[in-house]
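Chemist: These protein sequences, in sequence, are chains P and B. Quick note on numbering: this note's numbering labels position 102 of the first sequence as 90, and the sequence is numbered without any gaps. Just so we're on the same page, this note's numbering is the position in the second sequence counted from 1, plus 14. To start, I am sharing the structure in question, which I have written as structure tokens.
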Amino acid sequence: MTQNPFNNWLLRLFIKLTLRAGSGVFTGVPLHRLIRSEGWQEDVFIGKAAGYEDDLAAVIMAGFERLGVTSESLSGKHVLLKPNLVETSSAKSFCINTHPRVLHATIVALRRLGVARVTIGEGAGHRRDSMILLEQSGLIEVMKETGAAFVDLNYSEVCAVPNAGGITSLRQLMLPRIVKEADWVISMAKLKTHHWAGVTLAMKNLYGVVPGAYYGWPKNVLHVVGLQQSIYDVAATVGAHFAIVDGIIGMEGDGPILGEPKRAGVVVMGRNLPAVDATCSRIMGIDPAWIFHLAACPFFLGPIDEGEILQRGEPIDAVKTEFRLLEHIHVQRFLLKRRTKTLSGKKETYGLFTY
Amino acid sequence: MNNIRKWLTELERRGVPGGGFAGQPGGSYRPDATAWAALALESWKECLPQVAAARDRLVASQLKDGRVAIDPTYPQAFWPTAEAILLWHGSPPHQSSLKRAVDFLLRTSGVHYRWKRDDVVGHDTSIKGWPWIEKTHSWVEPTAMNLLALELTGQSGHPRAQEARRMLLNRQLESGGWNYGNTKTYCLELLPSMESTGLALHALAEHLEENKVRSSLAYLEAEMPKTRTPLWLGWSLLGMSAWKRRPREAEEWITESLERQKDYGSYDTAWIALLLLAAQSTAGVIYALQRPETVEAS
């Protein structure tokens, strides 16, 4: 931890969360993790896929099998898939949005496991017209092929849920009812760099669960209370059960929209979102301990330390490919310095943090 | 227009007990869906008792300070206020509510701050408009909607309206069109959206010379023939109609969009209503809703 840039912030966060836990305000977070003697141990599966024409259902079935996801646990259930549908751009949709073939493969795999109902839900941040996203991402074809329904989470009926993260000033989050009513929520993210958050993976993807009708477009309230902090809070409160990250072709540079395609050839899966995101970051050549919202996770949400993540399928080194980071983008500059070990030794500040 | 009766009936079916409309069949009352559904039904002179009940339901939703929020337990989301104003306009029993709503808009703005040319974002963050949600920055669509509401109620000359139009112009993309409201981040121009463009163009119509928005009009003209999704098509048609450039195929495209619910699933009530209103508003929303009453702001 000595090199972690967030040590002071993490200490304050630890005290804050512990006090909240003690006062009974804190809900929904596995507090027992704090006091258990053994460390975290979460499994993450890395599957290889050269392209979207591969048998992706087989890759995802292999991941489910290695992670102990069985028909006994899913038979008859209702599963909500939350893809990353960000932007309309037919030309670059394949590297901006979760690819429709990955969604198709997931639906096929879930049905093989006996899932009764699959719903696709998204509350896009930039586009109120979700139908144009369905069209330009190609997801509409998957809906026709599979019969899966789509729910626009921006306008869904909501319920108030106590903020289980507790980092931001938000006491509760208004979440679509379907998110709490579904038996399983899967965050189906894209492997991308991000110009505000550093990376956008399974945790950041859950921003799209929060309804625009209550938080604005593009999720204005969350940006105001702190982007990194609210990524943590939303992920903690939504409590997704599983993550599948489409890293077959991701995005590097000025993500999540204006970057360049980057082929990584992987599908990353797991039950614990911080562990999945930490693995994805390592595949991208980015230290997860330097991503603000991931650095906060080991207290309550999940491990990011390599020693606490049991890697299934391919080893990280076999698939690692550095995603380009841009010097002129503040958050990426620090990640780049960490990667190239070119920290100057003199203090530099970015937002709340001093390096 | 083909099958119009089917879609008007669909709107009617989404009415809820106590007046107003839900976002989907069987759903709960939602203020914005209520305003749009009632505007569409009224424009087609259908279900007028339901329209009157919708106006009353919105009055019941209005908070003391004049705003109409998406949810009374979440007053910070006040963006449906403009839509309520559109519906209350011209209805004598609702003039007091309308006046309070207009006053609320005129004394409310987003969060603004000084902008420097080397900032990460490309737009001038100091020019005031309106936000979706209280205590956040101003964005294109709520600003344009509020401008339409002020225009309809005779407040288009108010200094807040003038500044908001300046804000919209500042948020126009160099290559044409608008998006939610960020022109550039880290020096790269972001992508346009037809819905934001249609709304912004509509709000600016009759206040600007065409050469100031020519590239945005060209963007919509190029994209409309291949677009059938509801918000993008609906607002594009309304925006172009306000600039007297309504395409001849408008009704045909609207029908096609409505029929696509077979594949997409049921549209939100507000989206169906927007398309039905666009079908009737051949010169834009303001012209279609124009009635003699105006409101004096205090």
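Ideal Cβ positions, reconstructed from N, Cα and C, are used throughout, including at glycine.
Check the Cβ of N151/P against every Cβ in chain B and list those closer than 9 Å, keeping chain order.
Modeler: The residue given as residue 151/P occupies position 163 in the first sequence. Per Cβ cutoff of 9 Å: no residues; N151/P is ~14 Å from chain B at best.
Chemist: What three-state label does DSSP hand V149/P in the structure shown?
Modeler: On the first sequence, residue 149/P is found 161 positions in, with the first residue counted as 1. Correct three-state label for V149/P: strand.
Chemist: Note down, in chain order, each residue of its chain lying with its Cβ closer than 6 Å to the Cβ of H87/P, except the 5 sequence neighbours on either side.
Modeler: Within the first sequence, residue 87/P is the residue found at index 99, counting from 1. These residues qualify, in order along the chain: Y40 and D234.
Chemist: May I ask which residues mark the beginning and end of the beta strand (DSSP E) holding W285/B?
Modeler: Taking the second sequence and counting its residues from 1, the one referred to as residue 285/B is at position 271. From DSSP, W285/B is part of no beta strand (DSSP E) but of the alpha helix (DSSP H) over T283 to Q294.
Chemist: How long is the line joining the alpha carbons of N193/P and K65/P, rounded to whole angstroms?
Modeler: Counted from its first residue, the first sequence places residue 193/P at position 205. Counted from its first residue, the first sequence places residue 65/P at position 77. If I take the Cα positions, the gap works out to 23 Å.
Chemist: Extract the residue ranges of the beta strand (DSSP E) inside the stretch 252 to 313 of chain P, only unbroken runs of 3 or more that lie entirely within it.
Modeler: Counting only runs of 3 or more, we get 297 to 301.
Chemist: What residue from T199/B, L161/B, N193/B and E266/B has the CA that sits closest to V299/B's CA?
Modeler: Taking the first residue of the second sequence as position 1, residue 299/B is located at position 285. Considering only alpha carbons, the answer is L161/B.
Chemist: Under the rule that 16 or more other beta-carbon atoms within 10 Å means buried, what is P145/B, buried or exposed?
Modeler: Sequence index remark: in the second sequence, residue 145/B carries index 131 (1-based). So P145/B ends up on the buried side.
Chemist: Could I get the ranges of all uninterrupted alpha helix (DSSP H) runs contained in the stretch 196 to 254 of chain P, with 4 residues as the minimum, in chain order?
Modeler: Qualifying alpha helix (DSSP H) stretches, in chain order: 200 to 203, 208 to 213 and 215 to 226.
Chemist: Considering S271/B, what are the terminal residues of the alpha helix (DSSP H) in which it resides?
Modeler: Locating residue 271/B in the second sequence gives position 257, counting from the first residue. Segment A264 to E273, the alpha helix (DSSP H) holding S271/B.
Chemist: Determine which residues of the stretch 190 to 210 of chain P have a Cβ less than 7 Å from any Cβ of chain B, and write them out in chain order.
Modeler: Result list: A201, Y202, Y203, G204, W205, P206, N208 and V209.
Chemist: Hey, quick one: how far does the beta strand (DSSP E) through E110/P stretch, first residue to last?
Modeler: Taking the first residue of the first sequence as position 1, residue 110/P is located at position 122. Per DSSP, E110/P belongs to the beta strand (DSSP E) from R105 to E110.
Chemist: Between the alpha carbons of A306/P and Q299/P, how many angstroms are there, rounded?
Modeler: Reading the first sequence from its first residue, position 318 is the one you call residue 306/P. Reading the first sequence from its first residue, position 311 is the one you call residue 299/P. So the two alpha carbons sit approximately 12 Å from each other.
Chemist: Can you tell me the Cα-Cα spacing of S157/P and N151/P, whole angstroms?
Modeler: To locate residue 157/P, count along the first sequence from 1; it is residue 169. To locate residue 151/P, count along the first sequence from 1; it is residue 163. Looking at the two C-alpha atoms, the distance is approximately 9 Å.
Chemist: Over the uninterrupted beta strand (DSSP E) stretch that includes K180/P, give me the two end residues.
Modeler: As a working note, residue 180/P is residue 192 in the first sequence. From DSSP, the beta strand (DSSP E) with K180/P extends over W172 to H182.
Chemist: Let me confirm a value: R185/B is counted as buried when at least 16 other C-beta atoms fall within 10 Å, else exposed. Which label applies?
Modeler: For this step, residue 185/B is matched to residue 171 along the second sequence. R185/B comes out buried.
Chemist: Taking the straight line between their C-alpha atoms, what separation do you get for G190/B and G27/P?
Modeler: Mapped onto the second sequence, residue 190/B falls at position 176. Mapped onto the first sequence, residue 27/P falls at position 39. Rounded to the nearest angstrom, the two C-alpha atoms are 54 Å apart.
Chemist: Please report whether the beta-carbon of R27/B lies at a distance below 9 Å from any beta-carbon of chain P.
Modeler: Taking the second sequence and counting its residues from 1, one reaches residue 27/B at position 13. Chain P contact via Cβ: absent.
Chemist: Let me confirm a value: N17/B is counted as buried when at least 16 other C-beta atoms fall within 10 Å, else exposed. Which label applies?
Modeler: In the second sequence, the residue the question calls residue 17/B occupies position 3. Exposed, by the Cβ-count rule.
Chemist: List the whole-angstrom C-beta distance separating G253/P from A37/P, where the pair is believed to meet the contact cut-off of C-beta under 8 Å.
Modeler: Sequence index remark: in the first sequence, residue 253/P carries index 265 (1-based). Sequence index remark: in the first sequence, residue 37/P carries index 49 (1-based). Contact flag correct, Cβ pair sits at about 6 Å.
Chemist: Where do the ends of the beta strand (DSSP E) carrying M162/P lie?
Modeler: In the first sequence, the residue the question calls residue 162/P occupies position 174. Run containing M162/P: Q160 to P164, per the beta strand (DSSP E) assignment.
Chemist: List, in order along the chain, the chain P residues whose C-beta lies closer than 8 Å to that of W58/B?
Modeler: Your numbering for residue 58/B matches position 44 in the second sequence. By Cβ distance, chain P contributes nothing, its closest Cβ being about 23 Å from W58/B, past 8 Å.
Chemist: Go ahead and pull the three-state DSSP assignment for Y43/B.
Modeler: On the second sequence, residue 43/B is found 29 positions in, with the first residue counted as 1. Residue state, collapsed to three classes: strand.
Chemist: Whose C-beta lies closer than 7 Å to the C-beta of V13/P among residues of the same chain, with five residues either side of it excluded?
Modeler: Reading the first sequence from its first residue, position 25 is the one you call residue 13/P. Low local confidence applies: a pLDDT of 34 at V13/P is under 50, so the model's placement there is unreliable, with the coordinate-based value given in what follows. No residues qualify anywhere along the chain.
Chemist: Is L22/B helix, strand or coil when you go by DSSP?
Modeler: As a first step, residue 22/B must be located in the second sequence, where it is residue number 8. Helix.
Chemist: Terminal residues of the continuous beta strand (DSSP E) containing A185/P?
Modeler: The sequence position of residue 185/P within the first sequence is 197, counting from 1. No beta strand (DSSP E) holds A185/P; DSSP gives it neither H nor E.
Chemist: Do E315/P and R327/P have their C-beta atoms within less than 9 Å of each other?
Modeler: Translated into the one-based positions of the first sequence, residue 315/P becomes position 327. Translated into the one-based positions of the first sequence, residue 327/P becomes position 339. In this structure, R327/P does not lie closer than 9 Å to E315/P by Cβ.
Chemist: For chain P, check one thing: does any of its Cβ atoms lie closer than 9 Å to the Cβ of D282/B?
Modeler: Within the second sequence, numbered from 1, the residue matching residue 282/B stands at position 268. Yes, D282/B counts as interfacial toward chain P.
Chemist: When Cβ atoms are compared, which residues of the stretch 73 to 90 of chain P fall closer than 9 Å to chain B?
Modeler: Those would be E75, T76 and S77, in chain order.
Chemist: Can you give me, in chain order, the residues of the stretch 121 to 134 of chain P that have a beta carbon less than 8 Å from any beta carbon in chain B?
Modeler: Under the 8 Å Cβ criterion, the stretch 121 to 134 of chain P contributes L122, E123, I128, M131 and K132.
Chemist: Mind checking R270/P: buried by the 16 CB within 10 Å criterion, or exposed?
Modeler: Reading the first sequence from its first residue, position 282 is the one you call residue 270/P. Per the 10 Å Cβ criterion, buried.
Chemist: Locate the alpha helix (DSSP H) running through V299/B, then write down its first and last residues.
Modeler: In the second sequence, counting from the first residue as 1, residue 299/B sits at position 285. From DSSP, the alpha helix (DSSP H) with V299/B extends over V299 to L303.
Chemist: Can you list, in chain order, the residues of its chain with a C-beta nearer than 7 Å to that of N260/P? Leave out the 5 residues immediately preceding and following it.
Modeler: As a first step, residue 260/P must be located in the first sequence, where it is residue number 272. Here the set comprises E30 and G290.
Chemist: If we call anything under 9 Å between Cβ atoms a contact, is V255/P one with I48/P?
Modeler: By one-based count along the first sequence, residue 255/P stands at place 267. By one-based count along the first sequence, residue 48/P stands at place 60. In this structure, I48/P lies closer than 9 Å to V255/P by Cβ.
Chemist: With a CB to CB cut of under 7 Å and the five nearest residues on each side skipped, what residues in its chain are close to M181/B?
Modeler: For the purposes of this step, residue 181/B is taken as residue 167 along the second sequence, with counting starting at 1. Excluding positions up to five away in sequence, the list reads I141, K142, G143, S152 and T157.
Chemist: Out of T87/B, G40/B, A96/B and E26/B, which one is the CA nearest neighbour of Q64/B?
Modeler: For the purposes of this step, residue 64/B is identified with residue 50 of the second sequence, where counting begins at 1. Cα-wise, what sits closest to Q64/B is E26/B.
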